[in-house]
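What follows is a single structure, written as structure tokens, with notes after it.
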Amino acid sequence: MAKTVLLYALALAISVAALEWLEYRYVTRAFSTEIYIVLLAVGFAGLGLWAGQRLTPRSAPPAFVRNQAAIRSLGLTERECEILELLASGQSTKELAKQLGISPNTVKTHVARVYEKLQVQRRIHAIDKARQLGLIP
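Each residue of the sequence shown is one higher than the one before, starting from 1 at the first, in full-length UniProt numbering.
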């Protein structure tokens, strides 16, 4: 029984393949000009996109300029600005302390002062607000 089913399946698959091949031959003969035009259009469109990307000069992003007016109005110290910048790097308090050569408690104190001056409660909020104010890139 299974052998018969497999033979019928194979015969149907060969029939379908033959019909698709005949249809392909008909389509390529009946619409050969249109097919060539579409292929040329796609090729030239791709070439145009590639050339446009390669030949268009890209301007460098502007250099980051820290908002000194916001720093003065908030009363941030140079160390607090440095802490804020390092907070954005995603390092833990211990990693910040090790990098700055100070104790973790001192880092926590600086972070608490930054939170207080920015009027935020969490690290992510401090980073968002600092970016909005132009304090960090």
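Even for Gly, the Cβ is constructed at its ideal location relative to N, Cα and C.
Open item on the list: Between which residues of its own chain and residue 69 is the CB-CB distance below 7 Å, once the five residues before and five after are set aside?
Closed with: The beta carbon of residue 69 sits closer than 7 Å to no other beta carbon from its chain once the five residues preceding and following it are set aside.
TODO: Throw me the rounded Cβ distance for the residue 35 and residue 28 pair, which I believe falls under 8 Å.
DONE: With 8 Å as the limit, residue 35 and residue 28 qualify as a contact, their Cβ atoms being about 7 Å apart.
- [ ] Pair every Cβ in the region 85 to 100 with every Cβ in the region 14 to 31, then say whether three or more of these pairs are closer than 8 Å.
- [x] Touching, no, given that fewer than three Cβ pairs across the two stretches are closer than 8 Å.
Open item on the list: Given this structure, state the Cα-to-Cα distance separating residue 60 from residue 54, to the nearest angstrom.
Closed with: About 15 Å.
- [ ] Taking residue 79 and residue 134 to be in contact with their CB atoms under 8 Å, please state how far apart those CB atoms are, rounded to whole angstroms.
- [x] Between residue 134 and residue 79 the Cβ distance is about 19 Å, and since that is not below 8 Å, they are no contact.
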